[in-house]
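Numbering (full-length UniProt numbering), first residue to last: 1 to 311.
In what follows, a structure is listed as C-alpha cells, so that the remarks can point back to it.
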Amino acid sequence: MFVFTLVILFVLFILYKLMLIVPMREVHVIERLGKFRTVLQPGFHFLIPFFDRVAYRHDTREQVLDVPPQSCISKDNTQLEVDGLVYLKVMDGKLASYGIENYRKAAVNLAQTTMRSEIGKLTLSETFSERDHLNESIVREIDKASEPWGIKVLRYEIRNITPSRHVIHTLEKQMEAERRKRAEITLANAEKAAMINMSEGERQEAINISEGQKQKRINEAKGTGQEIAIIAKAKSEGMAMISQALAVNGGNDAMNMLLKEQFIAQLGKILNDSQVSVVPAEMAKLEGFFEGMEQVTQTVGGHNAMSKGAR
C-alpha cells in the first residue's frame, strides 16, 4: 500500500512537471539541461520532466519604475534634485533574461545617468520650461541603450525638480525684484499716459480758445464791415441830398452857414475839454456873438418897420 501511494505521488509529480499553464500577462523562458530552449507564450504547454524547466518569468504588461531623487548640475552651475518615473515593457523574453542581469535596475540607473547628462545641457529656467523636450530626450537615449535588453522604454516623466535652498532663496529675491520692476514700469506708464492726456487736454483747450478768438474776430470784422457799409451808405445818401440842396437857389449860402456853425461848435467843444489854451477862450463865444448880432438885426429891422408905419 505504501509503495502504491509512492507510485501515485510520483505519477502526479511527473504530470505536474509535464504540464505548464502560462498566464495571459506573462511569458516563460524554458531551459533544457541548462541551455535556452524557447519562450512560451500564454496558454497550455507540455514539458519534459527533469529536462525542461522554467528559468525566467517576465511580465509583459507596461511597468512603472520609480527613479530615486538624485543631484544634478545644470548648464548655469545650479544644483538641482530631480526624480522621475520610467515606463517600460518587455518585448523579448530571451533578451530580457540573458541580455542583462536585471533590466529593471539597469533601466533605473540608465535613466538617472541620462537625466544628469540631459539636465547638464540646459539652464535652470530651461529645465522647467523645456520639461517635455527633456522627457523626450531621456526616452530616446534610454531606448537606444536598452534595445539589446529586449525591453522598450515607452516614456519618461520628470516628477520633481527641486533646486537647493540657496537657489530657492536667490530665485525668490529675483522674483521680488522682477515684481518691483513691473510695478515701477506700470506706474511709469500710468504717469506717462496721464501726462499725455493732460497735454492733449491743454492742446485741445488752446485750440478751442484760438478757434473762439478767431470766430470772435471774424464776427467783429463782419460787424465792423456792416457798420462801415451802413455809415458809408448813409453818408452817400446824405451827400446826395446835400448836392440836391446845393442845386437850389440859396443852397450855397445855407451850406456856408452850416459849416460855420459846425466849426464854431467843434472849436468851442475842444476849448472847453482841453486843459491847454491854444487860442483865446473868447473865440468859443463867437456863436453867441453871431446869435446876438442876428437878434439885434431882427430888433432893428422891427423898429424900422414900425416907424415907417407910423408915418
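Beta carbons: idealized from backbone N, C-alpha and C, even for Gly.
These numbers come from a predicted model, not from an experiment.
For V22, which residues of its own chain have a beta-carbon under 7 Å away from its beta-carbon, when the five flanking residues on both sides are left out? H28, L40, Q41, P42, G43, H45
List the endpoints of the continuous beta strand (DSSP E) containing E31. 26 to 32
Close Cβ partners of A96 (< 7 Å) along its chain, the five nearest in sequence each way excluded: H58, V90, Y103, W149, G150, I151
Check each candidate in S125, I138, I209 and name the one with the smallest Cα separation from R116. I138
Does N160 come out as helix, strand or coil in the three-state DSSP assignment? strand
Within the same chain, show all residues whose beta-carbon is closer than 7 Å to that of T123, passing over the 5 residues directly before and after it, in chain order. S74, K75, D76
Beta-carbon proximity list for L20, same chain, < 8 Å, skipping 5 on both sides: H28, L40, F44, H45, F46, L47, V54
Suppose contacts are defined by Cβ-Cβ distances below 8 Å. Is L154 in contact with L88 by that definition? yes
I'd like the list of long-range same chain contacts for P163, defined as Cβ closer than 6 Å, with 5 residues on each side in sequence excluded. L80
Sort Y98, V64, K105, N208 by Cα distance to I158 and report the nearest one. V64
Inter-residue spacing [alpha-carbon to alpha-carbon] between K35 and K94: 12 Å
Which partner residues does F51 have in the DSSP bridge list? In DSSP, F51 forms no bridge with anything.
My output table needs one value for G43: the three-state DSSP class, helix, strand or coil. strand
Roughly how many angstroms separate the alpha carbons of E202 and G120, rounded to a whole number? 59 Å
Quick one, which of T78, N272, K260 has its alpha-carbon nearest E126's? T78
Taking buried to mean at least 16 other C-beta atoms within 10 Å of its own C-beta, is D132 buried or exposed? exposed
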